[in-house]
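The structure appears right after this line, and notes come after that.
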Amino acid sequence: PMTLLSCEADGQTFALAHAELGDPARVSPALAEMAAALVANLQAGPPRTMPLAVPGMTPNADARRLWLRGRLPDATPVQEQAALFAYGTRVYQAAVLGTQPGAAADAFIDSLRIAP
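According to the working numbering, the sequence shown is numbered sequentially starting from 106.
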């Protein structure tokens, strides 16, 4: 099961989801599947990505930040910025979805921290 918390502000949707996998071997495949789901959900083209390091996270080569352009189910153009990372066997997805997430998404994702 995955837990999702979200809110809306200034026309943007901010979301944080997490799931406990219980097996370290499942973490990297889960991060890759989460990235693929983001692309599929928005019918987006290949995302721009870069490695991601969230303070306190468990280092993982599949942790990444993504920038996507796609469409909502009603065909409305939309952009999304997302962060995928892990702490132990728990995977996280933080995202901001809207017409222009820009600075709000940067502030949200740059503020992420794992507190033990």
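Yeah, the Cβ is synthetic: ideal placement off N, Cα and C, and Gly gets one too.
{"Check": "Ignoring anything shorter than 3 residues or poking outside the region 155-211, list the beta strand (DSSP E) runs there in chain order.", "Outcome": "169-176, 182-192, 195-203"}
{"Check": "What number of angstroms, rounded off, separates the C-alpha of Ala168 from the C-alpha of Glu113?", "Outcome": "25 Å"}
{"Check": "Can the beta-carbon of Met139 be found less than 7 Å from the beta-carbon of Leu171?", "Outcome": "no"}
{"Check": "Run through DSSP, which three-state label would Arg153 get?", "Outcome": "strand"}
{"Check": "Please report the residue range of the beta strand (DSSP E) in which Ser111 lies.", "Outcome": "108-114"}
{"Check": "Any idea what DSSP makes of Leu136, helix, strand or coil?", "Outcome": "helix"}
{"Check": "Among Ala137, Leu173, Gln205, which one has its Cα closest to the Cα of Arg153?", "Outcome": "Leu173"}
{"Check": "Decide if Pro160 is buried, meaning its Cβ has at least 16 other Cβ atoms within 10 Å, or exposed.", "Outcome": "exposed"}
{"Check": "According to DSSP, is Leu121 helix, strand or coil?", "Outcome": "strand"}
{"Check": "Report yes or no: do three or more beta-carbon pairs, one from the region 121-140 and one from the region 192-204, lie closer than 8 Å?", "Outcome": "yes"}
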